[in-house]
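See below for the structure under consideration.
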Amino acid sequence: MSQVSAGRRPPTKDISVQNRADPFMLSKPTTAGETRMNRILTTALGLTSLASVGLLAGWSNGLGSYNQRETVFETRAAERLYEVDNVHSSLIFSIRHAGMANFYGRFNDFTGEIHFDQTDPAKSRMAFTVQTDSVDTANKSRDGHLRDADFFNSRQYPTISFESTGMRANADGSYELTGNLTMMGETNPVTATVTGLKTGKVRDNDALGFEARFSIKRSDFGMNKYLAPDQGEDGGLGNTVNLIVAVEAVAK
């Protein structure tokens, strides 16, 4: 997405399609000032020690990286800014294989911001960015193929992005989220259903959570490898890609 779980990040080594079997085929007392300074030094030394043994790894991968990013939207008076905790969020996709059954994959590296309108959630805005080379289908050969020019073309298009354009409340408590999805140099409108939108506390931090589901046609973005002649679901790979974005975000 170029303007939209902890887990291991898959290797980024490119794998030549010509030199390997096709992974998609069916076959396989001091002064007050001194006291304050001592406390600051003690805290700093303690954090340094924790970081040195890796106990803050999950924190630095999630909450600790928030201040390093510039926001996409200006925050309005009624809004509060939340940023995606990548360690506790997931981006999952599924696609039909050979017209038989779905198989699933994920992206391990995505960031995002939610400008949550506390008085009217339907006025909230959000944006996400996905690193395409973080695609993970639990198969190294297939993951390498997905990064090459047949699919995501990660070298030329390193990111996928989503920016919301509107949000509408539904009678059942869900929301209809509209926005623009950009992938492989193509931008198309998408509509997602958002459920479970709520705010609360996570480890004494103000947090927000929700799940969004939507579908796209990969042919709309120029991804046509193994597509059926009728652009349906019965080719080597189907045309419809179903996505689930499960978000836990922390107030900035």
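Add 11 to the 1-based position in the sequence shown for the numbering used here, that's all there is to it.
Backbone N, C-alpha and C define an ideal beta-carbon position, used for all residues, glycine too.
Pick helix, strand or coil for Ser230, following the three-state DSSP scheme. helix
Pick from Ala223, Gly116, Val205 and Thr210: whose alpha carbon is nearest that of Tyr93? Thr210
Arg153: first and last residue of the uninterrupted alpha helix (DSSP H) it sits in: Lys151 to Arg158
Cβ-based burial, Ser230 [other Cβ within 10 Å; buried from 16]: exposed
Considering only the alpha carbon of each residue, which of Gly196, Ala262, Arg179 and Lys212 lies closest to Asp131? Arg179
Distance, Val141 Cα to Phe221 Cα: 18 Å
Sub-7 Å separation of Thr189 and Thr176 beta-carbons: yes
How big is the Cα-Cα spacing for Gly233 and Asp241? 15 Å
Just grab the DSSP bridge partners of Pro200 for me. Asn191
Report yes or no: do three or more beta-carbon pairs, one from the segment 238-255 and one from the segment 119-133, lie closer than 8 Å? no
Rounded to whole angstroms, what's the CA-CA distance from Asn250 to Gln167? Just pull it up for me. 22 Å
Relative to the C-alpha of Asn181, which residue among Ser105, Ser100, Asp147 and Val205 is closest? Val205
Output needed for Glu244: all residues of its chain with C-beta closer than 8 Å, excluding positions within five of it in sequence on either side, in chain order. Arg107, Gly110, Asn250 and Thr251
7 Å Cβ shell around Ala239 - same chain, five flanking residues per side excluded: Asp245 and Gly246
Buried versus exposed, by CB contacts within 10 Å (16 or more), Thr202: exposed
Assigned secondary structure, Ser165 (DSSP; H/G/I helix, E/B strand, else coil): coil
Where does the unbroken beta strand (DSSP E) through Ala260 begin, and where does it stop? Leu248 to Ala262
Are the CB atoms of Asp128 and Ala89 nearer to each other than 7 Å? yes
Considering Asp183, what are the terminal residues of the beta strand (DSSP E) in which it resides? Per DSSP, Asp183 belongs to no beta strand (DSSP E) and is neither H nor E.
Let me know the secondary structure DSSP gives Lys134 once reduced to three states. helix
Environment of Thr42 [buried if 16+ CB atoms lie within 10 Å]: Note on Thr42: pLDDT 49, under 50, position unreliable in the model; no value is reported.
Less than 8 Å between C-beta atoms, sequence neighbours within five positions excluded: which residues of the same chain meet that for Pro169? Gln142, Thr143 and Asp144
Given a threshold of 16 other Cβ atoms within 10 Å of its Cβ, counted over all protein chains shown, does Ala223 qualify as buried or as exposed? buried
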